[in-house]
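S.K.: To convert, take the position in the sequence shown, counting from 1, and add 124; that gives our numbering. The beta-carbon is built from N, C-alpha and C at its ideal position, and this holds for glycine as well.
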Amino acid sequence: MKPEVHICLLHYPVVNKAGDVVATAVTNLDIHDNARSARTFGVKSYHVVTPLDAQIELVSRIVAHWQDGFGATRIPSRVSAMSLIQISRDLEEAIEKIVDGRDVQPVVISTCARDMGQEYTYRQMRERIKQSPEGPYIILFGTGYGLANEVLDRSDVLLEPIGSPTEWNHLSVRSAVAITLDRLLSDY
Numbered sequence: 125m126k127p128e129v130h131i132c133l134l135h136y137p138v139v140n141k142a143g144d145v146v147a148t149a150v151t152n153l154d155i156h157d158n159a160r161s162a163r164t165f166g167v168k169s170y171h172v173v174t175p176l177d178a179q180i181e182l183v184s185r186i187v188a189h190w191q192d193g194f195g196a197t198r199i200p201s202r203v204s205a206m207s208l209i210q211i212s213r214d215l216e217e218a219i220e221k222i223v224d225g226r227d228v229q230p231v232v233i234s235t236c237a238r239d240m241g242q243e244y245t246y247r248q249m250r251e252r253i254k255q256s257p258e259g260p261y262i263i264l265f266g267t268g269y270g271l272a273n274e275v276l277d278r279s280d281v282l283l284e285p286i287g288s289p290t291e292w293n294h295l296s297v298r299s300a301v302a303i304t305l306d307r308l309l310s311d312y
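Next comes the structure, spelled out in structure tokens:
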């Protein structure tokens with residue numbers, strides 16, 4: 125059975141370099157590349173989460189370009205990836221859309237480049253998904269310098285950081301999404 129997995133890219137609440145809770149700007153590459161990774165690994169939906177009206181408008185224009193505009197005409201195979209994208213103003217709205225009135229309790233999984241202790245390894249989480257694939261599983265990714273503590277505290281599972289052979293660990297979120305999905309879902 126293929127697991128029900130959703131991803132959320134949070135632009136708020138996330139932290140900046142100083143540790144302040146901020147809202148970050150969306151980028152075309154994150155929207156586009158994460159949708160392609162989600163489609164590749166069989167993710168059911170990809171939620172871009174931002175409370176800012178201007179950012180919501182930008183995401184809507186980018187998605188329209190790839191679903192209905194010149195991008196859809198030029199590269200029709202991208203339409204299916206871009207159709208996974210939904211826009212939400214906050215995490216709770218994204219979760220409501222995912223649950224969609226069903227009587228289910230989603231498993232909220234946060235990613236973090238910082239070692240926070242008590243993390244699941246990728247192997248442990250992959251086994252948990254295999255044992256109970258119905259889900260829904262919601263994997264959260266943060267922009268800027270990562271998810272704010274209020275998001276991490278709300279999560280059911282905190283994944284271990286993606287390992288680095290150096291002390292420097294600040295992958296682009298696009299890379300983190302692709303690596304995480306590969307590690308958790310490549311067996312399906």
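Looking only at DSSP bridge pairs, what is Ser234 linked to?
M.R.: Leu264 and Leu282
S.K.: Taking the straight line between their C-alpha atoms, what separation do you get for Ser169 and Glu291?
M.R.: 33 Å
S.K.: Taking Leu271 as the reference, which of Val203, Met125 and Ser234 has the closest Cα?
M.R.: It is Ser234.
S.K.: Excluding the 5 residues flanking Glu274 on each side, which residues of the same chain have their C-beta closer than 7 Å to its C-beta?
M.R.: Only Pro137 meet the Cβ criterion.
S.K.: So what's Val203 in DSSP terms, helix, strand or just coil?
M.R.: When DSSP states are grouped into helix, strand and coil, Val203 belongs to the helix group.
S.K.: Check for me: the beta strand (DSSP E) holding Gln210 runs from which residue to which?
M.R.: Ile209 to Ser212
S.K.: Where does Tyr170 fall in DSSP's three states?
M.R.: strand
S.K.: How long is the line joining the alpha carbons of Ala300 and Val228, rounded to whole angstroms?
M.R.: 27 Å
S.K.: For a test of the three-state rule: what should DSSP assign to Leu276, helix, strand or coil?
M.R.: In this structure, Leu276 counts as helix in the three-state DSSP scheme.
S.K.: Hey, would you say Ile131 sits closer than 8 Å to Val167, going by beta carbons?
M.R.: yes
S.K.: If I measure Cβ to Cβ from Gly259 and keep anything under 6 Å in the same chain, skipping five residues before and after, which residues do I get?
M.R.: Apart from sequence neighbours up to five positions away, the residues of its chain that approach Gly259 with a beta-carbon distance below 6 Å are Pro127 and Glu128, ordered along the chain.
S.K.: For Ser296, tell me which candidate among Pro289, Gly268 and Pro230 has the shortest Cα-Cα distance.
M.R.: For the options Pro289, Gly268 and Pro230, the alpha carbon positioned closest to that of Ser296 is the one of Gly268.
S.K.: How big is the Cα-Cα spacing for Leu305 and Ala162?
M.R.: 8 Å
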